[in-house]
C-alpha cells in the first residue's frame, strides 16, 4: 500500500473564483519530468501514485523505463498518463497510451533551467508545453490555477517559491522527497529551511486544487 499522504482541499475547486470571470487564459500545457533515480529510490508504484497528485491525466517526461512502469501502475493509481517527447529544436509533443500523437509545440524546459520559473506566468499565456521538475510540480500546478483569476497573487506565490527553493541544498531536497513519499513525517523538516517550501506546497495544494 502506498505511504503517500493524501491531502483533502479545504474548499471546493471553484470556491476561490466564483465571484468573477477569469481575467487571464492559460494556454500552456504543464508536464513533469521524473528521473530514474526517483523511480528507483521510491519504486514505480509510489512514483505513479505521486503523479496522480499532479492530475488525473498527467503529462510526463522520462525514460522508456519510466514510461513502462507508469503504464503498468496507471490503473491502480487511477490516472490516464501521456508522455512528452522532446525534440532538439526546442519543441515537444505528447504520445498517448494508445499510441496517438498530439500537436508539436514550443517547449520551455524549466526542469533543466529552474531560474526560468521567474517567467512561469508569461509562459502560461503561450500555446506551449512547460516542463516542470518533480519537486516543484505541485506548487506550479496550483499557481497555474490561481493565474487566470489573480495574476498579482500568482506573482506573489512565484516570489514565495523562489525564496523557499533558494534555501534548499541537495540534502534538503532529498528530505522533501522523503516526506512526499511517506518515508519521513512532515515533522522531519521542522526548524529546517525546507519547512518554508513544504508549507507553501501544502498551502497551495489545499487551497487551490488542481484541475484536469
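In the working numbering, the protein residues as written are 35 to 246. The C-beta atom is built at its ideal place from N, Cα and C for all residues, glycine as well.
Quiz item: Is the beta carbon of residue 58 sitting closer than 8 Å to the one on residue 99?
Solution: no
Exercise. Identify the continuous alpha helix (DSSP H) that holds residue 75 and give its terminal residues.
Key: 70 to 76
Quiz item: Per the contact definition of three or more C-beta pairs closer than 8 Å, is the segment 177 to 195 in contact with the segment 203 to 216?
Solution: Cβ pair count under 8 Å is below three, so no.
Self-check item: Residues of its chain near residue 157, where Cβ-Cβ distance is below 6 Å and the 5 sequence neighbours each way are ignored
Solution: Its chain contains 62, 142 and 164 as the residues whose beta carbon lies nearer than 6 Å to that of residue 157, once the 5 sequence neighbours on both sides are disregarded; these appear in chain order.
Self-check item: Three-way DSSP call (helix, strand, coil) for residue 201 in this model
Solution: DSSP places residue 201 in coil when its eight states are reduced to three.
Practice problem: Can you tell me which of the three DSSP states residue 1 falls into? | Solution: Because residue 1 is not part of the residues shown, which for the chain are 35 to 246, the question remains open.
Quiz item: Where does residue 139 fall in DSSP's three states?
Solution: In the structure shown, residue 139 adopts extended strand secondary structure according to DSSP, grouped into three states.
Self-check item: Distance, residue 107 Cα to residue 152 Cα
Solution: For residue 152 and residue 107, the gap between their C-alpha atoms comes out near 34 Å.
Self-check item: Nearest-angstrom Cα separation, counted from residue 236 out to residue 225
Solution: 17 Å
Quiz item: On the premise that residue 155 lies in contact with residue 188, defined as a C-beta separation below 8 Å, what is that separation, rounded to the nearest angstrom?
Solution: 6 Å
Quiz item: Going along the chain, which residues of its own chain have a beta-carbon closer than 8 Å to the beta-carbon of residue 162, five neighbours each way excluded?
Solution: 61, 62, 63, 139, 140, 141 and 142
Quiz item: Is it the case that the Cβ atoms of residue 65 and residue 111 are separated by a distance below 8 Å?
Solution: Contact: no.
Quiz prompt | Spatially closest choice to residue 212 from 232, 199, 198 and 197, by CA coordinates | solution = 232
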